[in-house]
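Visitor:
2 protein chains.
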Amino acid sequence: MTTLSEHALEAVSTGADVTASEAALRLLRRDIVSGALAPDSKLKLRVLKERYGIGGSPMREALAQLAAQGLVQQSSQKGFRVPPLSAAHLLDITRSRQLVEVEAVKLAIEHGDADWEDEIVTSYHLLERLYHRLRGAERPDTQEFETRHQRFHRALIAACPLTSVKDFCDQLYTQATRYRLLLRRYGFTREVVLAEHRILMQAVLSRNKTKAGKALNSHIAITADVLLSELADRALRRPAAKTSKGPRARTKQPSKSRRKTK
Amino acid sequence: MTTLSEHALEAVSTGADVTASEAALRLLRRDIVSGALAPDSKLKLRVLKERYGIGGSPMREALAQLAAQGLVQQSSQKGFRVPPLSAAHLLDITRSRQLVEVEAVKLAIEHGDADWEDEIVTSYHLLERLYHRLRGAERPDTQEFETRHQRFHRALIAACPLTSVKDFCDQLYTQATRYRLLLRRYGFTREVVLAEHRILMQAVLSRNKTKAGKALNSHIAITADVLLSELADRALRRPAAKTSKGPRARTKQPSKSRRKTK
DNA sequence: ATGCACATTTTTATCGACAAAACCTGTTTT
DNA sequence: AAAACAGGTTTTGTCGATAAAAATGTGCAT
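Chains as they are written, first to last, in the numbering used here: chain A, 15 to 276; chain B, 15 to 276.
#1: Compile a chain-ordered list of the residues in the segment 101-125 of chain B whose CB is closer than 7 Å to at least one CB of chain A.
#2: Contact defined as beta carbons within less than 8 Å: I believe R204 (chain A) pairs with Y145 (chain A). What is the distance between those atoms, to the nearest angstrom?
#3: Looking at C-alpha atoms only, which residue of B:N222, B:G84, B:L39 and B:G93 is the closest neighbour of L59 (chain B)?
#4: Does the beta-carbon of Q216 (chain B) have 16 or more other beta-carbons within 10 angstroms, so that it is buried, or is it exposed?
#5: Listed from N- to C-terminal order along the chain, which residues in the segment 165-194 of chain B have their beta-carbon within a distance smaller than 9 Å of any beta-carbon of chain A?
#6: Can you find a CB in chain A that lies within less than 8 Å of the CB of A82 (chain B)?
#7: Taking C-beta pairs closer than 9 Å, name the residues in chain A that S71 (chain B) reaches, listed in chain order.
#8: Can you tell me which of the three DSSP states G70 (chain B) falls into?
#9: Assign Q277 (chain A) to one of three DSSP states: helix, strand, or coil.
#10: In chain B, what lies closer than 9 Å to A50 (chain A) by C-beta?
#11: Taking A78 (chain A) as the query, report the chain B residues whose CB atoms sit under 7 Å from its CB, ordered along the chain.
#12: Report the three-state DSSP secondary structure of R43 (chain B) (helix, strand or coil).
#13: Identify the continuous alpha helix (DSSP H) that holds S178 (chain B) and give its terminal residues.
#14: Compute the Euclidean distance between the alpha carbons of D31 (chain A) and L196 (chain A), then round it to the nearest angstrom.
#15: Expressed to the nearest angstrom, what Euclidean distance is found between the alpha-carbon atoms of E244 (chain B) and F202 (chain B)?
#16: So the candidates are A:E75, A:L39, A:L113 and A:V96; which of them puts its Cα closest to the Cα of S39 (chain B)?
#17: Can you name the start and end residues of the alpha helix (DSSP H) that S137 (chain A) belongs to?
#18: State the DSSP-derived secondary structure class of Q91 (chain B), mapped to helix, strand or coil.
#19: Grouping DSSP H, G and I as helix and E and B as strand, with all else coil, what is L99 (chain B)?
#20: Under the DSSP definition of a beta bridge, which residues are partnered with L57 (chain B)?
#21: Enumerate in chain order the residues of its own chain whose CB-to-CB distance from K63 (chain A) is below 8 Å, with the five nearest sequence positions on each side excluded.
#22: For T33 (chain A) and S89 (chain B), what's the separation of their Cα atoms in angstroms?
#23: Go ahead and label S271 (chain B) buried or exposed: buried means 16 or more other beta carbons lie within 10 angstroms of its beta carbon, across all protein chains shown.
#24: On the premise that Y66 (chain A) lies in contact with L104 (chain A), defined as a C-beta separation below 8 Å, what is that separation, rounded to the nearest angstrom?
#25: For L51 (chain B), which option in B:A173, B:L85, B:S35 and B:F166 has the closest C-alpha, if you only look at C-alpha atoms?
#26: Name the two residues that bound the continuous alpha helix (DSSP H) containing A50 (chain A).
#27: I'd like the span of the alpha helix (DSSP H) that includes A209 (chain B), first residue to last.
#28: Here's the rule I'm using: 16 or more other beta-carbon atoms within 10 Å means buried, otherwise exposed. How should K228 (chain B) be labelled?
#29: Chain B beta carbons: is any one of them nearer than 8 Å to that of S27 (chain A)?
#30: Can V218 (chain A) and L176 (chain A) be called in contact, C-beta distance under 8 Å?
#31: Return yes when the Cβ of L140 (chain B) is within less than 8 Å of the Cβ of R162 (chain B), no when it is not.
#32: At the level of alpha carbons, what is the spacing between Q157 (chain B) and L113 (chain A)?
#33: Nearest-angstrom Cα distance between R134 (chain B) and F182 (chain A)?
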């Protein structure tokens, strides 16, 4: 009964969640963002309870919280689901980030002090170092890489004085990560990724608002650009598929038939 | 479906909540926004259960959801509180709205069609009509006025294609309402309020992005301007207070000593 | 097959009970 | 007097049980 739960909880033992619902929140978010829980799949309470070894109440609490952040869909008496991925949504959050986060970084440049600059340099360095350490490993630690990546992007806008805006950027960042992680399959060199971020860092540290804004703007666009064009290519390459509807991402996969557990 | 894009929950009057936690969410939000539950007061589960006649689990679910939206504060093993009001927070959300909502209305102007314009006119008309109907009443229906006010402000940016941004505006709007309702005490004529909104409507309907942006920008500023200057005046009128720090509004009000209810 | 009523199974949402943690409130100790 | 302690009380967070609703299956008639 507890074997599965121990397994799951052990993986995140670093984060000292005092509360079961906090643990549930973290684990659930991780699994949704990483794709371990497939987009558009149903989140049955019984399954989640078993998966994380946590009771129904804290589980629902975590689900409710994630629903408020848009990482879970909730419909009134029909439970919860993982929000589907779609080209429309990807474009929505991409453009929203371009609108908001670019302004945020400009404000950060305006208000940032030396500590702000230091944290940018530090977090970039940590990203770079992880890359060098992992270049030999065949199974890179995606989790740690993601942590450092987020730290770097937070650092860029950390000096923006508008807390609400920064929190919103955080939310959009998390949403975008769901899509960005899909790019892993399209063979991306970490060298290219690092160069991208170095350029971005330099643009911000130059304290030229226009330049930094443009750099961040195009950086944010990368995920959508690559992913949507890849999808278009795949759609075009598939001879059987009818591509009359354009490069629209599909919202529903085969949905593996649910087996009874007897 | 109640994710972040819960544009369906606005109909507070016809609130046929299928679920207890939905009812709890609505009631709790109303009481926090209206100030019926005092800022910085503790939200004890037992009290809330009795107040709304709802069990602990759906109550906590609603609290968790509101916490994710910033309308409730949660600390790990010490329960929930109503977030305090402060000049700093008011300025934060005011400037954030100026940054985001102004861009949203510009995008709405860019994309808006005839239906968009119609809904703006309609919602303004409904606001105006309620005013005329209520000018005689000694106890105006604040709840209904708020509903129509929100509908009007939503209408302005409804044509903005970025759903995430609109949802964020919604959140900030709700936050700002907590402060705006404080202005009721500072004797505000509804005539002035209506004129303000008519000007705003006309600026938006002129489809001049710059003009509309400026109108919305200053409209958003009103609450903070009036409230902070009133607070400064009150501070100045108090002989004991030392105002050496300049006309900066203080972040902490007298905080009426919390008496035990015993 | 298609649709429809109805029975069965699964899932959701809710309540009450319980352990652990926080919180008083005097009392003792330094 | 301030800090430390021990007690009892309140409050939080969690679980399991349960009713209501949805989903699924089945037989039957079109």
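Every residue, glycine too, gets a C-beta built ideally from N, C-alpha and C. As the structure is a computational prediction, the values presented were derived from the model and not from experiment.
Guide: Concretely, from the data shown:
#1: D106, I107, R109, S110, L113, V114 and E117
#2: 5 Å
#3: B:G93
#4: exposed
#5: Those would be P175, L176, T177, S178, V179, D181, F182, Q185, L186 and Q189, in chain order.
#6: yes
#7: One finds G70, S71, R74 and E75 in chain A with Cβ atoms closer than 9 Å to the Cβ of S71 (chain B), taken in chain order.
#8: Residue state, collapsed to three classes: helix.
#9: Nothing in the structure corresponds to residue 277 (chain A), since chain A is present only between 15 and 276.
#10: None at all; the shortest Cβ gap to chain B is about 20 Å.
#11: E75, A78 and Q79
#12: R43 (chain B) carries a helical assignment under DSSP once its states are collapsed to helix, strand and coil.
#13: T177 to R194
#14: Cα-Cα distance, rounded: 29 Å.
#15: 13 Å
#16: Note that residue 39 (chain B) corresponds to Leu in the displayed sequence, not to Ser. Comparing Cα positions, the closest option is A:E75.
#17: A128 to L148
#18: coil
#19: In the three-state scheme derived from DSSP, where H, G and I count as helix and E and B as strand, L99 (chain B) is classed as coil.
#20: B:F94
#21: Listed in chain order, the non-local C-beta contacts of K63 (chain A) below 8 Å within the same chain comprise G69, G70 and M73, local neighbours out to five positions each way being set aside.
#22: 10 Å
#23: Its pLDDT being 33, under 50, S271 (chain B) is placed unreliably by the model, and the measurement read from it follows with that caveat. Answer is exposed; the Cβ neighbour count stays below 16.
#24: So it is not a contact: roughly 28 Å between Cβ atoms.
#25: B:L85
#26: That residue, A50 (chain A), is in no alpha helix (DSSP H); it is neither H nor E in DSSP.
#27: R204 to L219
#28: Exposed.
#29: With a pLDDT of only 41 at S27 (chain A), under the threshold of 50, the placement of this residue in the model should not be trusted; the figure read from the coordinates follows. No, no contact with chain B.
#30: no
#31: Result yes, Cβ atoms of R162 (chain B) and L140 (chain B) sit closer than 8 Å.
#32: 33 Å
#33: First, the amino acid is wrong: residue 134 (chain B) is Ile here, not Arg. Rounded to whole angstroms, the gap between the alpha carbons of I134 (chain B) and F182 (chain A) is 27 Å.
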